[in-house]
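This report concerns only the one structure given below.
Protein chains: 2
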Amino acid sequence: MPANLSATRQIVVTVDVVLLTLRDGRLQVLLMRRENDPFAGQLALPGGYIHPQQDDDAGAAARRVLADKTRVRAPYLEQLYTYASGARDPRGWSVSIAFYALVSEQALRRTGREVFELLDADALPHLSFDHNRIIETALDRLRNKSAYSSLPCYLLPDRFTLTELQQTYEQVMGVPLEKSAFRRKLADLGFVEPVPGARQTGQHRPAQLYSLKAGARLAVFERPF
Amino acid sequence: MPANLSATRQIVVTVDVVLLTLRDGRLQVLLMRRENDPFAGQLALPGGYIHPQQDDDAGAAARRVLADKTRVRAPYLEQLYTYASGARDPRGWSVSIAFYALVSEQALRRTGREVFELLDADALPHLSFDHNRIIETALDRLRNKSAYSSLPCYLLPDRFTLTELQQTYEQVMGVPLEKSAFRRKLADLGFVEPVPGARQTGQHRPAQLYSLKAGARLAVFERPF
Chain A
1 MPANLSATRQ IVVTVDVVLL TLRDGRLQVL LMRRENDPFA GQLALPGGYI HPQQDDDAGA
61 AARRVLADKT RVRAPYLEQL YTYASGARDP RGWSVSIAFY ALVSEQALRR TGREVFELLD
121 ADALPHLSFD HNRIIETALD RLRNKSAYSS LPCYLLPDRF TLTELQQTYE QVMGVPLEKS
181 AFRRKLADLG FVEPVPGARQ TGQHRPAQLY SLKAGARLAV FERPF
Chain B
226 MPANLSATRQ IVVTVDVVLL TLRDGRLQVL LMRRENDPFA GQLALPGGYI HPQQDDDAGA
286 AARRVLADKT RVRAPYLEQL YTYASGARDP RGWSVSIAFY ALVSEQALRR TGREVFELLD
346 ADALPHLSFD HNRIIETALD RLRNKSAYSS LPCYLLPDRF TLTELQQTYE QVMGVPLEKS
406 AFRRKLADLG FVEPVPGARQ TGQHRPAQLY SLKAGARLAV FERPF
């Protein structure tokens, strides 16, 4: 066993999850008050230690931590970046493998949990550790990737109208999109499909509901919306 | 101290570096024969344990490992992805924070080291651990990012002609580029500048030499070359 193996074992390995949702057209991030020191009582991302006996890999650890702490099962979870240094945690050298996840506001409400807070992702107070920086990186990734992929769909409930889908793209990308060009592009890309017989009720003109195509994973496009 | 802290300390934390260069117009990756088990004698990426007493952060660890093992000081080094699971190393749960780095063939030659091998990145044999997968991710990242950034410059020596620069973009991107459009775009982007009085010798028509602008970091463009 190499001499430095004992040294590397001084390193604590965690996962942290930036869970994002859209509420009233604005990106919100899920935060929790820390129960323990350091930073007890302060807001932080949901996170925790990797459990080598339990977690197959870092993604499994992130999903477990998120489910345990918030009861949220996010339909989309992606590794973001790894924050690893001797300065980010007062307890010593630590590694945070950071993930970001997307979920609809409706699914968040269904968890019925009052253990977390949703804050406007673009107007955050000072958070524990380097969590402000992690969230900035997640917002950059989401915004850069959205124009070129089906990513914003994961902020919507399972069924949505095309108007809701366009609004979601506009809100994430921060730019207005032209309706007919948007719909043409959607038809070309073909990652959503109408739900047979399903229409949005309660409107003067009920709109067809759509869903992500069954088995569709993240669709990536050559050109932006 | 949380009950699980001792468990997380069973996790070994390493860095691995995918060092890429261009030789005869093809991307090559630097590999070394492993001295110790597991996989003794097999080819692997240069890598090593993080030394918490010595390394400020994961990037510093990657630069140290690369310099110690290969004497290479790469002008460009970027975090790629973190491979973290119980299955990737027969010794147990392990984390590899993977980086990729770019260097010119000329700088590699100057190290005068015979401890490494350069292999064609697109035709690799089976490597140790999950290193084939790590290299594939690095090639994807490099190719995706090159069309939109000054990244390929880091595969060139400090001084280069515009023809060499165009060839480098073409080789990395795998597509031919139109010369006048390429030069117009370069002029617009302005991340290279002529080196006063420096011309490539030994040609029938000596060409002006260029370099990355002083203090220029990675330039990212809105539209591809």
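First to last, the protein sequences are chains A and B.
Here the numbering used here is used: position 152 in the first sequence is 152, and no number is missing along the way.
Here the numbering used here is used: position 164 in the second sequence is 389, and no number is missing along the way.
We put the beta carbon where it would ideally sit given N, CA and C, even for glycine.
- request: Use the C-beta contact count for Asp345(B): other C-beta atoms within 10 angstroms, 16 or more gives buried, fewer gives exposed.
  value: exposed
field: Local Cβ density within 10 Å of Ser310(B), reported as buried at 16 or more and exposed below that
entry: buried
task: In angstroms with no decimal places, state the Cα-to-Cα distance between Ile275(B) and Ser353(B).
output: 19 Å
message: Could you tell me the alpha carbon to alpha carbon distance between Met1(A) and Ala67(A), rounded to whole angstroms?
response: Below a pLDDT of 50, predicted positions are generally treated as unreliable, and Met1(A), at 43, falls in that range; no measurement from the model is reported.
Glu117(A) beta carbon less than 8 Å from that of Leu31(A): yes
task: If I'm right that Tyr100(A) touches Val18(A) with Cβ under 8 Å, what's the distance once you round it to whole angstroms?
output: 4 Å
- request: Use the C-beta contact count for Arg448(B): other C-beta atoms within 10 angstroms, 16 or more gives buried, fewer gives exposed.
  value: exposed
- request: Have a look at Arg316(B), Thr239(B), Tyr306(B), Ala299(B) and flag the residue whose alpha-carbon is nearest the alpha-carbon of Thr336(B).
  value: Ala299(B)
query: Taking buried to mean at least 16 other C-beta atoms within 10 Å of its own C-beta, is Ala98(A) buried or exposed?
result: buried
- prompt: For Leu41(A) versus Arg33(A), is the C-beta spacing smaller than 8 Å?
  reply: Leu is not the amino acid found at residue 41(A); the sequence shown has Gly there. Their beta carbons are under 8 Å apart, which means Gly41(A) touches Arg33(A) by this criterion.
message: Beta-carbon within less than 7 Å of Val290(B)'s beta-carbon, same chain only, minus the 5 sequence neighbours each way: which residues are those?
response: Val240, Val242, Pro271, Gly272, Gly273
message: Counting only beta-carbon separations shorter than 8 Å, does Thr307(B) have a partner in chain A?
response: yes
- request: At 9 Å on the CB atoms, spell out the chain B contacts of Val18(A), in chain order.
  value: Here the premise fails: no neighbours, minimum Cβ distance about 15 Å.
task: Measure the beta-carbon distance from Phe221(A) to Leu177(A) and round it to whole angstroms, keeping in mind my assumption that it falls under 8 Å.
output: Contact flag wrong, Cβ pair sits at about 14 Å.
- prompt: Of the residues Leu186(A), Ala181(A), Glu78(A), which one's Cα is nearest the Cα of Leu139(A)?
  reply: Glu78(A)
message: Give me the residue from Val328(B), Arg384(B), His351(B), Tyr308(B) with the minimum Cα distance to Ala439(B).
response: Arg384(B)
- request: Check the Cβ of Val175(A) against every Cβ in chain B and list those closer than 7 Å, keeping chain order.
  value: Chain B residues near Val175(A): none, gap ~13 Å exceeds 7 Å.
query: So which of Ala285(B), Arg288(B), Ile236(B) has the shortest CA-CA distance to Asp56(A)?
result: Ile236(B)
task: May I ask you to list, following chain order, the residues of the segment 268 to 279 of chain B that have a beta carbon less than 7 Å from some beta carbon of chain A?
output: Tyr274, Ile275, His276, Pro277, Gln278
query: Listed from N- to C-terminal order along the chain, which residues in the segment 308 to 336 of chain B have their beta-carbon within a distance smaller than 8 Å of any beta-carbon of chain A?
result: Ala309, Ser310, Gly311, Ala312, Gly317, Trp318, Val320, Ile322
- request: Could you tell me the distance, in whole angstroms, from the CA atom of Glu361(B) to the CA atom of Asp355(B)?
  value: 10 Å
message: Quick check on the DSSP output: the beta strand (DSSP E) that includes Thr239(B) runs from which residue to which?
response: 237 to 248
- prompt: With a Cβ-Cβ cutoff of 8 Å, do Val417(B) and Leu390(B) count as a contact?
  reply: yes
field: Exposed unless 16 or more other CB atoms sit within 10 angstroms - verdict on Arg109(A)
entry: exposed
- prompt: Where Tyr174(A) and Leu156(A) are concerned, what is the direct C-alpha to C-alpha distance, given to the nearest angstrom?
  reply: Checking the displayed sequence, the identity of residue 174(A) turns out to be Gly instead of Tyr. One C-alpha to the other measures close to 17 Å.
- prompt: Mind checking whether Arg248(B) and Glu339(B) have CB atoms under 8 Å apart?
  reply: no
message: Suppose you measure from the CA of Ser149(A) to the CA of Arg183(A); what does that come to, to the nearest Å?
response: 15 Å
query: Could you give the distance in angstroms between the alpha-carbon of Gly317(B) and the alpha-carbon of Thr21(A)?
result: 36 Å
- prompt: So Ser94(A) is in the alpha helix (DSSP H); what residue range does that whole segment cover?
  reply: Premise fails: Ser94(A) lies in the beta strand (DSSP E), 94 to 102, not in any alpha helix (DSSP H).
task: Would you identify the three-state DSSP class for Phe264(B), choosing helix, strand or coil?
output: coil
task: For Asp314(B), count neighbouring Cβ atoms within 10 angstroms of its own Cβ and tell me buried if that reaches 16, exposed if not.
output: buried
query: Quick one: what's got a C-beta closer than 7 Å to Arg199(A)'s C-beta in the same chain, skipping five residues either side?
result: Pro206, Ala207, Gln208, Leu209
- prompt: Using the C-alpha atoms, what's the distance from Leu305(B) back to Arg366(B)?
  reply: 8 Å
Contained beta strand (DSSP E) runs [length at least 3] in the segment 396 to 424 of chain B, N- to C-terminal order: 417 to 424
- prompt: How about Thr82(A) and Ala269(B): are their beta carbons less than 8 Å apart?
  reply: no
- prompt: Counting only beta-carbon atoms, is Ile236(B) nearer than 8 Å to chain A?
  reply: yes
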